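Residue numbers (the UniProt record's numbering), protein chains in the order written: chain E, 1 to 533; chain H, 1 to 190. Okay, structure first, notes after.
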Amino acid sequence: MTTATVAHDDHAHHGPPSGIKRWLFSTNHKDIGTMYLVFALIMLFLGGASAMVIRAELFMPGLQLVQPDLYNNLLTNHALIMIFGAVMPAAAGLANWMIPLMIGAPDMALPRMNNLSFWILPAAALMLILSFIVPFFPGGGSQINTGWTLYPPLSLQVGMSMDFLIFALHLLGISSVLASINIIVTIFNMRAPGLRMMQLPIFVWAWLVTAFLLVLVVPVLAAGITMLLFDRHFGTSFFIAAGGGDPVLFQHIFWFFGHPEVYILILPSLGVLASILPTFSRKPLFGHHSLIGAMIAIAALGMIVWAHHQYTVGMSLAAVQYFMLMTILISIPVGLIIFNYMMTMWRGAMTFETPMLFTVAIILMFSFGGLTGVMLAVVPADMQYHDSMFVVAHFHYVLLPGAVWGLFAGVFYWLPKWTGHMYDERLAKTFFWVHVVSFNITFFPQHFLGLAGMPRRIADYNIMFTEFNMISSVGAFFFGLSHLLFLYIIIKTVRGGEKAKARAWEHAEGLEWEVDSPPAHHTWTTPPKIKTA
Amino acid sequence: MERQPDARRHPHGRIVLWLGALVIGMFGFGFALVPLYELYCQVAGIPTVDQQRALNVQAAAGTGEVAEDRWVTVRFDTTVHPSLPWAVESQERSMRVQPGEMHEVIFVASNRSSRAVTGQAVPTVIPWRANDFFNKTECFCFQKQTLEGGERREMPLRFVVSPALPDEVTYVTLSYNIMRLDDTVAKVTE
Ligand code: HEM
Ligand SMILES: [Cu+2]
Numbered sequence: 001m002t003t004a005t006v007a008h009d010d011h012a013h014h015g016p017p018s019g020i021k022r023w024l025f026s027t028n029h030k031d032i033g034t035m036y037l038v039f040a041l042i043m044l045f046l047g048g049a050s051a052m053v054i055r056a057e058l059f060m061p062g063l064q065l066v067q068p069d070l071y072n073n074l075l076t077n078h079a080l081i082m083i084f085g086a087v088m089p090a091a092a093g094l095a096n097w098m099i100p101l102m103i104g105a106p107d108m109a110l111p112r113m114n115n116l117s118f119w120i121l122p123a124a125a126l127m128l129i130l131s132f133i134v135p136f137f138p139g140g141g142s143q144i145n146t147g148w149t150l151y152p153p154l155s156l157q158v159g160m161s162m163d164f165l166i167f168a169l170h171l172l173g174i175s176s177v178l179a180s181i182n183i184i185v186t187i188f189n190m191r192a193p194g195l196r197m198m199q200l201p202i203f204v205w206a207w208l209v210t211a212f213l214l215v216l217v218v219p220v221l222a223a224g225i226t227m228l229l230f231d232r233h234f235g236t237s238f239f240i241a242a243g244g245g246d247p248v249l250f251q252h253i254f255w256f257f258g259h260p261e262v263y264i265l266i267l268p269s270l271g272v273l274a275s276i277l278p279t280f281s282r283k284p285l286f287g288h289h290s291l292i293g294a295m296i297a298i299a300a301l302g303m304i305v306w307a308h309h310q311y312t313v314g315m316s317l318a319a320v321q322y323f324m325l326m327t328i329l330i331s332i333p334v335g336l337i338i339f340n341y342m343m344t345m346w347r348g349a350m351t352f353e354t355p356m357l358f359t360v361a362i363i364l365m366f367s368f369g370g371l372t373g374v375m376l377a378v379v380p381a382d383m384q385y386h387d388s389m390f391v392v393a394h395f396h397y398v399l400l401p402g403a404v405w406g407l408f409a410g411v412f413y414w415l416p417k418w419t420g421h422m423y424d425e426r427l428a429k430t431f432f433w434v435h436v437v438s439f440n441i442t443f444f445p446q447h448f449l450g451l452a453g454m455p456r457r458i459a460d461y462n463i464m465f466t467e468f469n470m471i472s473s474v475g476a477f478f479f480g481l482s483h484l485l486f487l488y489i490i491i492k493t494v495r496g497g498e499k500a501k502a503r504a505w506e507h508a509e510g511l512e513w514e515v516d517s518p519p520a521h522h523t524w525t526t527p528p529k530i531k532t533a
Numbered sequence: 001m002e003r004q005p006d007a008r009r010h011p012h013g014r015i016v017l018w019l020g021a022l023v024i025g026m027f028g029f030g031f032a033l034v035p036l037y038e039l040y041c042q043v044a045g046i047p048t049v050d051q052q053r054a055l056n057v058q059a060a061a062g063t064g065e066v067a068e069d070r071w072v073t074v075r076f077d078t079t080v081h082p083s084l085p086w087a088v089e090s091q092e093r094s095m096r097v098q099p100g101e102m103h104e105v106i107f108v109a110s111n112r113s114s115r116a117v118t119g120q121a122v123p124t125v126i127p128w129r130a131n132d133f134f135n136k137t138e139c140f141c142f143q144k145q146t147l148e149g150g151e152r153r154e155m156p157l158r159f160v161v162s163p164a165l166p167d168e169v170t171y172v173t174l175s176y177n178i179m180r181l182d183d184t185v186a187k188v189t190e
């Protein structure tokens with residue numbers, strides 16, 4: 001492991017410019033990190049609002065609030081905003097804040113590009129929101145009722161809002177590819193002298209793997225939606241059967257991106273856990289090298305299993321067998337990560353501050369989602385479960401614990417570093433319990449609904465599904481409301497609170513704890529000296 | 001910012017260039033999937049839907065004689081849409097047939113309402129691989145059917161299961177969805 005001698009900035013460098021210019025023209029990794037995080041939080045609330053409407057509609061059978069087309073539009077919007085607007089930017093915010101601090105770099109390698117990557121996002125978000133509201137205007141065409149997967153032929157028939165959406169996705173893709181390039185260059189080039197790759201914290205490694213995945217698969221999605229755009233407007237027939245194309249081809253292209261995307265969503269969060277666990281277990285992380293290996297294995301395998309989302313399209317037996325075996329194989333490196341984390345806790349002197357509470361909950365519930373994933377990976381079983389609420393339950397169990405909670409845990413863990421104040425532990429624990437319990441009330445019943453045959457993406461349902469849907473909706477309202485508490489805790493911490501020490505957590509390890517809390521505007525202008533063991 | 005000379009392992013530009021090339025390459029790869037997908041199907045011998053149909057039709061038409069040593073169970077199933085006030089049942093639920101033989105089954109439809117109603121039967125063959133080997137020579141599903149109020153009608157189905165039916169298929173289910181055809185439906189489907 002690495003330790004560093006504290007390198008004090010010799011003098012307070014020029015501070016940040018004041019006013020709006022500080023943010024608009026910022027090239028400072030901390031400011032950009034903050035903007036990413038704030039943006040992600042706003043998107044979390046927007047995406048959450050659409051989810052609340054969805055659950056309100058599903059509270060009872062029949063159509064009460066929204067028509068089916070609007071329901072599916074909300075569904076599409078919810079997924080895309082959460083994935084591209086909330087989780088990915090929040091992870092990028094953590095990367096911006098923490099990677100330079102963790103590797104002893106004064107800033108990201110390409111600070112202007114960093115500014116660009118962020119400021120593309122609000123424009124993209126605007127496009128995304130427009131794609132949702134355009135159909136409400138006269139002449140705005142039909143609603144996007146395809147779901148986030150945008151399968152043709154339906155996506156070819158949607159009105160102009162689909163063009164807004166395609167444009168928004170292009171922008172979002174450009175933003176994350178630029179951010180990824182920046183992160184890769186930073187990790188390769190900006191490490192403090194003597195800090196070797198294999199010594200890097202797992203969070204940095206997780207982001208390195210994620211960034212490579214993004215560079216590899218986002219352009220493929222871009223190609224797919226470009227073809228969609230061409231089919232819609234320029235007379236091509238990539239996906240139009242009547243013109244010799246094949247709609248199933250789009251599914252292959254989409255999932256070639258889409259499956260690695262799920263690992264893009266969880267890897268940074270799993271990286272966060274590797275920082276939190278040793279601190280609150282008071283033990284070094286178990287299996288540093290094997291964690292790196294496991295993440296690389298996940299990324300590599302993750303790129304060749306995409307068609308497990310399409311078992312039902314009528315692929316050959318050999319093809320589904322291949323995809324099934326490869327998919328099940330991934331649970332080995334995923335399991336290895338989980339076991340390493342459990343071994344880190346084993347016989348540790350554990351305390352359960354909020355980041356650690358989230359970590360334990362993640363290990364439990366993410367594993368559960370992995371388990372239903374293996375069920376879905378089994379072809380004959382998936383023939384039944386496909387496109388049912390069971391799939392919805394599965395991916396919420398992996399995405400909320402795996403991605404979102406990891407980000408929450410990271411926010412609580414590093415908030416004292418960022419703001420210089422300790423957050424209110426009692427409120428944070430309240431948030432944790434309300435959030436985690438209501439999460440389970442919301443999504444656990446959806447397993448049963450799916451197994452009993454309730455399809456996903458449909459606004460109405462058979463009355464026999466009523467009870468579980470009611471439970472799920474009630475849970476969802478508490479779940480949604482709990483985020484207001486989260487917002488309150490953050491605002492409260494930014495405004496004041498107990499002063500945080502440089503090493504805000506007693507046993508925290510890593511270069512980020514060597515700088516002040518909050519850190520100066522510029523840190524590590526003289527690189528830390530790395531002592532190698 | 002006085003950083004030690006070894007801090008930058010390579011010029012930033014070089015890595016950016018490599019990554020940029022990778023991005024463009026993967027964008028190209030996305031498009032390359034179009035021919036690759038076709039190529040894959042050709043190499044793996046996976047026919048397109050059209051090719052498969054042509055192959056099956058060829059195979060199904062090929063032989064005229066009865067496969068003496070083979071038995072296939074054909075099951076019949078009917079589902080009447082709730083908006084159609086009919087009852088439709090086959091006189092036999094299932095039959096054991098030899099591929100190549102012609103068989104007949106009677107389906108009995110009765111209109112439970114007092115007015116004339118028109119319906120249309122839509123057949124599905126399961127497993128879908130058997131679809132092109134199940135030849136209906138006469139079927140009430142070929143045209144729409146109008147039943148007067150209270151009328152009961154016997155409707156014949158004549159079929160041959162082709163001897164070219166893939167070996168592993170031993171059960172075939174012929175399932176009819178019977179739907180109402182009237183002015184409102186016609187308007188919606190237009
Ligand atoms: C052991 C690990 C996992 C396995 C074996 C697995 C397997 C599967 C399978 C087979 C499906 C397709 C189900 C269907 O549509 O019929 C699926 C769907 C999904 N999985 Fe997983 N999964 C795993 C982990 C994850 C993780 C870690 C994430 C995300 C962080 C994730 C996110 C999703 C999502 C979002 C979908 C639904 C996509 C959609 O149709 O909209 N899965 N999973
Ligand atoms: Cu997948």
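In this text, a Cβ means the ideal position worked out from N, Cα and C, and glycines have one as well. Fair warning: this is a prediction, and the values are worked out from it, not measured in the lab.
Contact between the segment 167-178 of chain E and the segment 504-519 of chain E is absent: fewer than three C-beta pairs spanning the two stretches fall below 8 Å. In the assembly as shown, residue 260 of chain E is a buried residue. Its beta-carbon has 16 or more other beta-carbons within 10 Å. Look at residue 315 of chain E here: in three-state DSSP terms it is coil, with no helix or strand label. For the segment 112-144 of chain E, the beta-carbon criterion of a distance under 7 Å to any beta-carbon of chain H is satisfied by none of its residues. From the listed residues E:411, E:145, E:228, the smallest Cα separation to residue 276 of chain E is found for E:411. Membership of residue 253 of chain E in any beta strand (DSSP E) is not indicated; the residue belongs instead to the alpha helix (DSSP H) covering 247-281. The nearest non-hydrogen atom of ligand 2 is 7 Å or more from the C-beta of residue 217 of chain E.
Under the three-state reduction of DSSP output, residue 499 of chain E falls in the strand class. Counted as a single uninterrupted DSSP element, the alpha helix (DSSP H) harbouring residue 446 of chain E occupies residues 425-451.
Relative to residue 379 of chain E, the option among E:341, E:328, E:360, E:369 whose CA is nearest is E:328.
The beta carbon of residue 194 of chain E is closer than 6 Å to those of 530 in its chain, skipping five residues each way along the sequence. Residue state for residue 146 of chain H is assigned as strand, using DSSP reduced to three classes. Judged by the Cβ position, residue 43 of chain H fails to qualify as a neighbour of ligand 2 at the 7 Å threshold, every heavy atom of the ligand being at least this far.
Around the beta carbon of residue 438 of chain E, 16 or more other beta carbons sit within 10 angstroms, so the residue counts as buried. Going by beta carbons, residue 96 of chain E and residue 20 of chain E fall outside the 8 Å limit. Beyond the five residues adjoining it in sequence on each side, residue 252 of chain E comes within less than 6 Å, by CB distance, of no other residue in the same chain. Taking 8 Å as the CB threshold, residue 27 of chain H lines the interface with chain E. Taking all protein chains in view, the Cβ of residue 124 of chain H is surrounded by fewer than 16 other Cβ atoms within 10 Å, so the residue is classified as exposed. Non-local beta-carbon contacts of residue 118 of chain E in its own chain, meaning distances under 7 Å to residues more than five positions away in sequence, involve 32, 35, 36 in chain order.
For a cut-off of 8 Å, the C-beta gap from residue 109 of chain H to residue 145 of chain H is around 7 Å, short enough to register as a contact. Taking 7 Å as the cut-off, the C-beta of residue 252 of chain E does not count as close to any heavy atom of ligand 1. The beta carbon of residue 504 of chain E sits closer than 8 Å to those of 416, 417, 422, 513, 517, all from its chain and outside the five residues before and after it, given in chain order. When 9 Å is used as the limit between beta carbons, residue 15 of chain H is near these residues of chain E: 109, 181, 184, 185, 188, 189, in chain order. Residues of chain H with a Cβ closer than 8 Å to the Cβ of residue 249 of chain E are, in chain order, 33, 34, 37.
Between the segment 233-244 of chain E and the segment 317-331 of chain E there are fewer than three C-beta pairs closer than 8 Å, too few to call the two in contact. By alpha-carbon distance to residue 424 of chain E, the top candidate from E:387, E:218, E:449, E:489 is E:489. If you ignore the 5 residues before and after residue 497 of chain E, its C-beta comes within less than 6 Å of the C-beta of 421, 422, all in its own chain and listed in chain order.
Neighbours of residue 252 of chain E in chain H, taken as residues whose beta carbon is under 7 Å from its own, are 33, 37 in chain order. Cβ contact annotation for residue 385 of chain E (same chain, cutoff 8 Å, sequence separation greater than five): 375, 376, 391, 450, 451, in chain order.
Counting every other CB atom within 10 Å of its CB across the protein chains shown gives residue 172 of chain H a total of 16 or more, marking it as buried. Counting only residues of its own chain and dropping the five nearest sequence neighbours on each side, residue 245 of chain E has a CB closer than 6 Å to the CB of 237, 238, 239. Counting along the chain, residue 31 of chain E sits inside the alpha helix (DSSP H) bounded by residues 29-57. Under the Cβ distance rule, residue 108 of chain H does not count among the residues neighbouring chain E, no pair being separated by less than 8 Å. Taking 8 Å as the upper bound for CB-CB distance, residue 298 of chain E and residue 268 of chain E are not in contact here, some 13 Å apart.
Neighbours of residue 219 of chain E in chain H, taken as residues at a C-beta separation under 9 Å, are given in chain order as 22, 23, 24, 25, 26, 27, 28, 29, 30.
Per the coordinates, the alpha-carbon of residue 473 of chain E lies some 14 Å from the alpha-carbon of residue 448 of chain E.
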